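First residue of the sequence shown? That's 57 in the numbering used here, and the numbers climb one at a time after it. Scroll down for the structure; my scribbles are underneath it.
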Amino acid sequence: MPSAKILSEKQAYVADLKAKFESAVSGCVVAYGGINVENDTKLRKELREAGVDYMVVKNTMLRLAVKGTSLEGLSENFKGDTAIAFAHEEDPMSAARILCKYQDGDKSKKFVVKGGFMEGKVMDAAETNAIAKLPNREGMLSMFAGALTSTLSGLAVAMQAYADKQEEPAA
């Protein structure tokens, strides 16, 4: 049995993890095997620059942190070597996007996205990979703006053609 000091430290750590789960908009759980130190450093730097919290955590601590929450279904992913990434408001898809991109480029095929969560809903690996392929907020807005301008310009051309037809003298 651990001492009272160690037990209180672990309880504080689990409480901190639980707070991270609650404050994150989305997250991603990965099996980080097969990644070397150089690539891990690059990956962590890219995640940090995107505002993502990434950490390797003991599975027991993760299970305790999600116990009794809407994310309890994530516990089935907490086996083997596990790392977790928490994304916040800036770009909710950033964690999944970066980790899935790394997974796709991993030659060892040991770095695997196990699953994820978004806005309190647990997602499996396939859903997480699908969401990672979506464009970010700016990309979606530019696609929407492009669709609007093409529709409006088409409408303007049609209206001009109609006006030109009305002005033609009757033959």
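Glycine included, C-beta positions come from ideal geometry on N, C-alpha and C. These figures come from a predicted structure and were not determined experimentally.
| Asked | Found |
| --- | --- |
| Considering only residues of the same chain and omitting the five flanking positions on each side of Leu99, which have a CB-CB separation below 6 Å? | Tyr158 |
| Tell me the DSSP bridge mates of Asp180? | Gly171 |
| Could you tell me the alpha carbon to alpha carbon distance between Gly129 and Val178, rounded to whole angstroms? | 6 Å |
| So, under 8 Å CB-CB, Met111 and Ala75 are touching, yes? Tell me the CB distance rounded to an integer number of Å. | Rounded, the Cβ-Cβ distance is 13 Å, inconsistent with contact. |
| Suppose contacts are defined by Cβ-Cβ distances below 7 Å. Is Asp160 in contact with Tyr88 by that definition? | no |
| Met111 by DSSP, collapsed to three states: which one? | strand |
| Do you know how far the Cα of Asp220 is from the Cα of Thr207? | 20 Å |
| Which residues does DSSP pair with Phe142 in a beta bridge? | Gly83 and Asp109 |
| Less than 6 Å separating the Cβ of Glu65 from some heavy atom of the ligand PLP? | With respect to the ligand PLP, the structure offers nothing, as it holds no ligand at all. |
| Answer with buried or exposed for Val122, where buried requires no fewer than 16 other C-beta atoms within 10 angstroms of its C-beta. | buried |
| With burial defined as no fewer than 16 other Cβ atoms inside 10 Å of the residue's Cβ, what is the status of Met215: buried or exposed? | exposed |
| Just how far apart, CA to CA, sit Ser64 and Leu73? | 14 Å |
| Just how far apart, CA to CA, sit Gly172 and Ala203? | 31 Å |
| Could you say which of Ala143, Ala60, Phe167 and Ala188 lies nearest to Glu105 if we only look at CA atoms? | Ala143 |
| Do you know offhand how far Ile187's Cα is from Val168's? | 15 Å |
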